[in-house]
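My numbering applies: residue 203 is where the sequence shown begins, and numbers increase by one. The beta carbon of each residue, even a glycine, is placed where N, CA and C say it ideally should be. These numbers come from a predicted model, not from an experiment.
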Amino acid sequence: MKAKYLALMIGACFSHNLWAANNITIEQRLAELEQRVVNAEKRASDAEAQIRSLKQQQVAATPTVNVQSAEPIAADKTPPKLTLSGFSDIKFYGDVEFNMDAASRSGSLTSMRTSANKDWASGTNERWDINGRLLLGFDGYQRLDNGNFAGFSVQPLADLTGKMNLDDAVFFFGRENDWKIKVGRFEAYDMFPLNQDTFIEYSGNTANDLYSDGYGYIYMMKEGRGRSDSGGNFLLSKTIDNWYFEVNTLLENGSTLYTEKQYHGMDLTNDKNVAYVRPVIAWQNGRFSTAIAMESNVVNNAYGYYENGKWIDQSERTGYGFTMTWNGQKTDPEDGAVINLNTAYMDATDETDFTAGVNALWHRFELGYIYAHNKIEAFNATNIDAVCEDDCWITDPGNYDIHTIHASYLFPNVMDMKNFNIYLGAYASWVEANPNNGDNSEDARYGGRLRFKYFF
């Protein structure tokens, strides 16, 4: 009997201990589960905060660049600092544009600038040439919450001849999507876009040396557009819905339009600066845009020459332009086409010039054609041979037709670099001369270009 009671007591003790152990395990598990719920709620809160922060960021954050000194800084010296005023956003950028050219023969048919090294159409150009420039850009922009803005841009150029030039040096201000004022050195609205052409030079003094006496003149509404080495621009523009209005005024030494300061065989004398006024009216809707414009020198007797003691004004110049563009790449960057149709007409002293051009870009291939007609009413060939070295085409009054075909192909993302492109370009140009006195004649040029374009 005693043995039975002893067994019951031992069994009761073991059962009590087992229940206590199970009870402790359940409490621990409940505590762990509660902690897991707290951690899950915290992770959910963190995720919501991150999503809220990402939604508020409209522009991706710019990665920081760790700048280190090439020389170690002594412990007792203060490290150098880059201090900004804090008024404007600052942007630094640039691009390299180098060309390797080959031509059918030396000499040129027109006065068109084709490289940064070439100020005008010299008759002794080499058949092989390497030219180009490196551009460094530095921009500042300040915008207020009410839409008011102001800023600047400066773009120095270093070309392969060892010279330093300049693209833009401009200050601007206004209200976004409303009005704008620009003053300085820059180019106004482009009335003769050439698409992906690789032969027309866009950098440097693009308002100077456009007309080379004795060569064909391809007029493209650039005389009053800007970027002169002898003056500056003042531009006022206004945007109303799909309409854009612009008036650009260029003040400069008007004789810098001509290379060697000669026009129709006469040496020009500059008496006062010209004032080109260039109004533009443009309209755009989706992929289609069009514009009309004119440019005219409003200063009489700005430059000319003396003949038998009498002043002969040569500064009367008025041009007109019309352009249309279909830009299918706005809605279809891969398969869209960009097509331009341009016309321009110049009414000048003893000369009228008409130019028409069409070009198209599709799948990185560009093809264009330009026709120019020069009608010369007076020409003094007495001194022209010393300038032309027997290579000029226009030495008499008459009619002269110029035909130019240009093409290019883009190889993008060279070596998997999105900022490195290579262009292959080619052109063919020929002139038909019909002087009033003398025989008709023709001549042609053709060539190719390999262009390296690198952005940074």
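The way I'd put it, the segment 360-368 doesn't touch the segment 522-530; fewer than three beta-carbon pairs between them come closer than 8 Å.
Only residues of its own chain outside the window of five on either side were considered, and among them Gly-426, Leu-452, Glu-497 and Asn-499 have a CB closer than 6 Å to the CB of Tyr-478, listed in chain order. In this structure, the straight-line span from the alpha carbon of Leu-470 to that of Ser-457 is close to 7 Å.
Every beta strand (DSSP E) of 3 residues or more that sits fully in the segment 437-521 is shown, in chain order, as 445-454, 476-487, 490-499, 505-509 and 512-515. Cα atoms of Gly-428 and Ala-646: separation of roughly 31 Å, rounded to the nearest angstrom. Out of Ile-292, Thr-551, Gly-376 and Gly-296, the CA that lies nearest to the CA of Gly-342 is found in Ile-292. Residue burial annotation: Gln-398 is buried, with at least 16 other C-beta atoms found within 10 angstroms of its C-beta.
Looking at the backbone, the Cα of Asn-502 and that of Asp-431 are separated by about 21 Å. For Lys-384, the enclosing beta strand (DSSP E) starts and ends at 381-387.
If you look at Ser-631, you'll find it in the beta strand (DSSP E) that goes 622-637. Residue pairing from DSSP places Ile-332 in a beta bridge opposite Met-302. Put simply, the backbone Cα of Asn-638 is about 26 Å away from that of Asn-510. By a beta-carbon distance limit of 8 Å, Gly-434 contacts Arg-387. Their separation comes to about 6 Å. Rounded to whole angstroms, Phe-613 and Ile-604 show a C-alpha spacing of 30 Å.
Three or more beta-carbon pairs separated by less than 8 Å link the segment 551-564 to the segment 514-522, which places the two stretches in contact. DSSP places Glu-536 in no beta strand (DSSP E); its state is neither H nor E. Here the alpha carbons of Ala-504 and Leu-396 stand approximately 31 Å from one another. Annotation: the continuous beta strand (DSSP E) that includes Gln-357 extends over 350-361. Between Tyr-571 and Thr-557, the CB-CB gap reaches or exceeds 9 Å.
The three-state reading of DSSP puts Ser-247 in helix, counting H, G and I together.
When DSSP states are grouped into helix, strand and coil, Glu-568 belongs to the strand group. Between Asp-534 and Glu-462 the beta-carbon gap is near 48 Å, outside 8 Å, which marks them as no contact. In the DSSP assignment, Ile-607 falls within the unbroken beta strand (DSSP E) covering 600-613. A straight line joining the alpha-carbon of Asp-555 with that of Ile-596 spans about 13 Å. Taking 9 Å as the cut-off, the beta carbon of Tyr-629 is found no closer than this to the beta carbon of Lys-655. One Cα belongs to Ser-491, the other to Lys-512, and the distance between them is close to 48 Å. About 18 Å separates the CB atoms of Gly-467 and Thr-312; that is not less than 8 Å, and the two are not in contact.
For the pair Leu-569 and Gly-650, the Cα-to-Cα distance works out to about 14 Å.
Residue range 643-657 is occupied by the beta strand (DSSP E) that includes Ala-646. Counting of Cβ neighbours within 10 angstroms places Asp-641 among the exposed residues, the total staying below 16. By DSSP's assignment, Leu-368 forms a beta bridge with Pro-358. DSSP lists Gly-521 and Asp-555 as the bridge partner or partners of Met-548. Of Asn-348, Trp-445 and Asn-455, the smallest CA-CA separation from Ala-484 is found for Trp-445.
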